Every structure is written in C-alpha cells, then in structure tokens.
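Written below as structure tokens is the structure these notes are about.
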Ligand SMILES: Cc1cc2nc3c(=O)[nH]c(=O)nc-3n(C[C@H](O)[C@H](O)[C@H](O)COP(=O)(O)O)c2cc1C
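Numbering (our numbering), first residue to last: 1 to 490.
Take a look at the structure:
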C-alpha cells in the first residue's frame with residue numbers, strides 16, 4: 001500500500017531545494033521536493049560554471065532523447081567554467097508560444113533535476129511550481145514526468161487546471177493551459193499548448209500520473225480546488241502566513257503594522273476541523289519545524305507537515321554558504337530578523353525577507369541597483385492595444401513598464417526576485433559594468449528556531465538531523481492512505 005509522508009520538505013526556489021536536498025530527504029523515507037522554478041535558467045548557469053562534479057552530464061546521459069540533450073550541452077556547457085566576472089549567457093525569456101529551443105531546455109532541465117533527486121533510492125520525489133509563473137508550466141511538468149516525478153505541488157495562485165494537464169500528458173495527449181492575460185478581451189486566444197509528439201525523438205513512454213498537492217491558505221480555496229479542478233487533487237498543503245517564501249495576502253483590505261508589514265487577523269486562520277471534513281489528506285505548513293508542532297499537526301488529523309526554513313539551512317541545501325553561515329550565526333544568537341515585505345515581489349504577494357547586511361534587503365544596496373529585466377519569470381502577460389499579448393514586470397525599468405500600460409505606483413518598492421534568487425544560490429549575474437546582482441534571502445518567521453538543529457559545538461546540520469528531530473515525538477511510519485480515492489468535481 002502506498003503511504004503518505006509525514007514530513008514534506010517544501011519546495012524552495014530558486015534552486016535552494018535542489019536535487020541534492022530532495023534526494024537526501026526522500027532517501028530517508030520522507031518527501032523531498034525540488035524547486036521547479038526557473039530550472040531552465042539555473043541549468044544554463046550550472047553548465048556555464050563547468051558542471052563541476054559532472055552531475056548535469058549524468059542527468060543528460062539518462063535523458064530519453066539523446067539528440068535533444070546534446071543540443072543543450074553543446075550550446076551551454078563551458079569546459080572548466082566561465083571566467084570569473086564574465087556575465088552568464090541568458091536563455092530567451094518565456095512567452096505564450098515558446099520557441100522550440102526554450103521548450104527543449106525546460107523539458108531537459110526539469111528531467112535532470114528530478115532524475116538526480118531520484119538516484120539511489122526508490123522513494124517518491126516531488127517538484128514544486130508557482131502557479132503565477134505560468135509560461136514554463138507545460139514543458140516543465142512534462143520534463144519532470146519523464147523523469148518519474150511522484151508528486152507535483154503548486155501554490156502562489158489557484159492551480160485549477162494543472163491536474164487535467166497531468167492527466168493528458170501521462171497518456172501523451174496534447175495539453176492546454178490558459179494563460180492569465182491582464183485585460184484580455186472575451187474570445188482572445190490565450191491558450192498555451194504542448195503536444196508531447198512534437199518533441200519526441202523516439203517512442204513516447206506512457207508516464208505515471210503524479211499525485212497533485214495544491215498549496216493553499218484557506219478552507220475556501222481547498223474546497224474550490226476539490227470542486228472545480230480539471231482532474232484529481234490528491235491533497236493539500238495548508239500554508240500559514242508565517243511560512244518562508246511568498247505568503248497569501250491577508251483577507252480584506254490590506255492593513256500594515258507600524259513596521260510596514262501586512263496584518264493578518266482571525267479571518268486568515270484555517271479551520272482545521274473543516275479541512276478534515278473535506279476528506280482529503282492535508283499537511284500543515286508555516287512554523288511547523290519542530291517536534292512538538294509535528295505532533296500537534298498529527299493530533300489534529302493532518303497527514304503531516306511541510307517544512308521549509310529548517311531545511312534551507314541544511315548542508316544539502318543550495319543556499320550560498322556565506323548566507324547560510326551568517327543567518328545561522330544570527331539564529332544561534334537569537335537576533336535573526338525577518339520582514340514580511342508587502343511590495344518586494346512583482347507578483348504582488350507579500351514576500352518574507354531575512355535581513356542581511358550587504359544584501360538586497362539593505363536599502364543602500366537596493367538603491368545602487370539599476371533596474372533590468374532579463375530573466376522575466378514574473379512578467380505579467382497583458383493584452384496590448386494591437387491585439388497581441390505583451391509582457392511586463394513591475395520590477396523592470398519604470399519607463400518600460402509604464403510604456404506597456406503599467407501604472408507607475410505598481411513599480412514602487414519592487415525588487416528583481418529572478419536575479420536575486422539566482423544570487424542566493426551562488427549563480428549571481430555580473431553586469432558588463434562589474435555590478436554583481438545582490439542576494440535576497442527568504443525564510444520563515446521562525447528563523448531563529450533553526451538553532452535547535454545544531455549539535456553542541458557544531459556549525460552545520462544535515463537534512464537527516466532535521467528529519468530525526470521532527471519525528472522524535474511521533475511514530476516513524478508514514479500515514480496510511482485513505483480507503484477512498486479523493487475525486488475532483490465532488
Ligand atoms: C528559502 C525558501 C524558499 C521558498 N520557495 C518556495 C517556492 O518556490 N514555492 C513554494 O511553494 N514555497 C516556497 N517556500 C515555502 C516552503 O515550501 C514551505 O511551505 C515553508 O517554508 C513552510 O514554512 P516554514 O518556512 O515555517 O518551514 C519557500 C520557503 C523558503 C524558506
């Protein structure tokens with residue numbers, strides 16, 4: 001009988017929860033989750049850095065269509081790595097109808113990440129996507145499915161149409177996904193299409209349909225997913241606003257506290273009894289990174305918990321060693337500070353930012369950065385007056401944004417998360433003028449509690465230390481599956 005994990009190591013983008021971390025967690029019998037966000041650009045940078053250790057090469061060698069893998073290697077691999085201070089090559093940005101080369105890069109990079117996370121054990125591995133980053137969805141999901149991904153987890157939006165996409169792709173049918181286009185007129189064609197047959201360079205394998213877990217912040221959203229999703233929803237991650245990464249905005253009119261952070265109230269509390277009544281398994285997230293909270297979640301009827309912050313500081317995570325060390329030192333001293341920034345993310349969702357001197361959280365550093373948009377994952381598709389679809393990001397140069405119909409007030413306080421999150425994992429871009437893109441670390445409100453995982457005299461800890469500690473007050477076995485399958489359209 002398939003079992004559910006008690007601990008889900010949450011997806012952490014970009015690349016913080018990489019294949020190495022997910023592999024370590026899944027090997028321990030819990031669910032390791034790779035971040036699927038911007039994997040194509042990350043892959044390009046790993047190859048540009050010379051693929052030290054040969055892991056990307058090993059993943060490419062396992063890809064079912066060798067010619068496609070070779071095209072990507074030939075285009076992006078730099079033997080020995082690019083010289084320090086040289087800018088990284090940039091892959092073309094996504095659009096509704098991606099050019100073939102962009103689709104291939106997405107398929108292959110998602111395949112490799114999942115393949116490596118699955119190496120050396122037989123347990124399931126998950127992949128996490130943000131619903132808001134829509135344009136790479138179809139090719140990314142297909143690449144992950146080609147590698148046998150066991151779970152797809154998606155939040156930051158309402159992923160109603162993803163279950164049906166996975167149903168179609170598993171049997172090699174074309175998949176369609178309607179892009180959200182601001183200002184689209186009725187009848188405007190906004191569909192993205194992906195047909196596996198267009199990319200097959202050999203027989204198309206029938207693929208397992210991964211389980212789908214929707215990451216939501218309320219009972220209403222969970223109910224909506226069960227009622228209206230285009231296919232089976234296998235469970236929920238219920239994420240509270242203390243969690244690292246993006247948070248759901250508070251219900252009702254946005255109010256800020258004296259420090260400028262969104263104020264959450266009673267209406268933002270989840271009704272756990274109501275969730276249980278839905279009958280789908282659920283995992284609680286946001287501040288569940290200790291044994292007592294895991295016990296509490298299980299006692300409330302959760303299948304388990306999803307934890308991010310505690311895993312972000314493990315030896316296996318890809319967070320840059322200097323950032324890891326400085327924040328761990330603050331956690332030990334109890335002086336780590338986290339600001340829930342209502343403006344930083346171009347998505348418009350609140351975004352948690354660890355305060356690190358010399359990083360993008362530092363106003364002086366932020367002021368020195370000239371706006372540029374060259375990765376473009378958070379661009380918002382909009383209906384241009386000439387009937388085409390345009391793309392704009394509130395963190396791009398203000399004049400460009402405004403010339404595309406964006407409002408100037410929307411640009412205030414926005415930060416380039418695409419470049420910053422690449423910098424968080426050591427793949428920071430160097431500009432032609434020598435400017436190095438700064439990091440912007442996201443963590444949960446519970447940053448300081450990660451000190452609990454450090455054994456006396458130790459300066460680091462592993463994924464196994466976290467898993468062992470979290471499960472220390474509970475049985476180590478996994479939760480059994482419910483007897484009845486959970487059906488959408490209930
Ligand atoms: C560094 C970091 C990056 C994150 N990135 C993502 C992401 O890309 N997608 C996502 O759904 N959640 C993301 N999260 C949220 C985690 O998956 C998880 O739900 C959350 O961290 C749980 O709360 P905790 O931080 O209190 O453990 C991120 C969290 C952290 C700490």
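Every residue gets a Cβ at the ideal spot worked out from N, C-alpha and C, and that includes glycine. Fair warning: this is a prediction, and the values are worked out from it, not measured in the lab.
Check, Outcome
"Quick one, which of 110, 228, 220 has its alpha-carbon nearest residue 163's?", "228"
"Could you tell me the alpha carbon to alpha carbon distance between residue 107 and residue 50, rounded to whole angstroms?", "21 Å"
"With DSSP as the reference, identify every bridge partner of residue 311, one or two as the case may be.", "DSSP output for residue 311 lists no bridge partner at all."
"Identify, in the order they occur along the chain, each residue of the same chain with its Cβ nearer than 7 Å to the Cβ of residue 124, setting aside the five sequence neighbours on each side.", "26, 31, 150, 151"
"Taking the CB atoms as reference points, tell me whether residue 267 and residue 235 lie closer together than 9 Å.", "no"
"Could you tell me whether the Cβ atoms of residue 427 and residue 88 are closer together than 9 Å?", "yes"
"With H, G and I counted as helix, E and B as strand and the rest as coil, what does DSSP make of residue 449?", "helix"
"Go to residue 135, then tell me how far its beta strand (DSSP E) extends in each direction, as first and last residue.", "That residue, residue 135, is in no beta strand (DSSP E); it is neither H nor E in DSSP."
"Return yes when the C-beta of residue 451 is under 8 Å from any heavy atom of ligand 1, and no when it is not.", "no"
"Is the stretch 363-376 in contact with the stretch 108-128, if contact means three or more CB pairs nearer than 8 Å?", "no"
"DSSP on residue 316, reduced to helix/strand/coil?", "coil"
"State the Cα-Cα distance for the pair residue 423 and residue 303, rounded to the nearest angstrom.", "35 Å"
"Span of the beta strand (DSSP E) holding residue 285?", "282-285"
"Between residue 53 and chain C, is the shortest Cβ-Cβ distance under 9 Å, so that the two count as touching?", "Given the protein chain composition of this structure (a single chain), no chain C is represented."
"Since I believe residue 148 is in contact with residue 114 (beta carbons under 8 Å), could you give me their beta-carbon distance rounded to a whole number of angstroms?", "7 Å"
"With the cut-off set at 9 Å, would you say residue 166 and residue 118 are in Cβ contact?", "no"
"Within 10 Å of its beta-carbon, does residue 94 have 16 or more other beta-carbons around it, so buried, or fewer, so exposed?", "buried"
"Which residue spans inside the stretch 344-430 form an unbroken beta strand (DSSP E) run of at least 3?", "351-354, 380-383, 389-392"
"Please report how far the alpha carbon of residue 169 lies from the alpha carbon of residue 183, in whole angstroms.", "30 Å"
"Can you tell me which of 53, 47, 85 puts its alpha carbon nearest to the alpha carbon of residue 73?", "47"
"Please confirm whether any heavy atom of ligand 1 lies closer than 8 Å to the CB of residue 417.", "no"
"With a floor of 4 residues, list each alpha helix (DSSP H) that falls wholly inside the stretch 75-146, ordered by position along the chain.", "100-118, 137-146"
"Can residue 241 and residue 218 be called in contact, C-beta distance under 9 Å?", "no"
"Given a cut-off of 9 Å, decide if residue 15 and residue 42 are closer than it, judged by their beta-carbon atoms.", "yes"
"I'd like to check one pair, residue 273 with residue 425: are the Cβ atoms closer than 9 Å?", "no"
"Would you report the Cα separation of residue 28 and residue 3, rounded to the nearest angstrom?", "14 Å"
"Would you identify the three-state DSSP class for residue 215, choosing helix, strand or coil?", "strand"
"Out of 342, 348, 381, which has the shortest C-alpha to C-alpha gap to residue 97?", "381"
"So, at 6 Å on beta carbons, what are the nonlocal neighbours of residue 20 in its own chain, with the 5 sequence-adjacent residues on each side left out?", "316"
"Between the stretch 276-296 and the stretch 219-226, can you find at least three pairs of beta-carbon atoms closer than 8 Å?", "yes"
"Per the contact definition of three or more C-beta pairs closer than 8 Å, is the stretch 408-417 in contact with the stretch 343-359?", "yes"
"Is there at least one non-hydrogen atom of ligand 1 closer than 8 Å to the beta-carbon of residue 13?", "yes"
"How many Å lie between residue 483 and residue 468 at the Cα?", "Annotation note: pLDDT 45 at residue 483 (below 50); position unreliable, coordinate value reported separately. Distance between the alpha carbons of residue 483 and residue 468 is about 29 Å."
"Bridge partners of residue 433, per DSSP?", "Partner(s): none; residue 433 has no beta bridge."
"So, do the stretch 431-450 and the stretch 383-396 have three or more beta carbon pairs nearer to each other than 8 Å?", "no"
"Can you tell me whether residue 63 is helix, strand or coil according to DSSP?", "coil"
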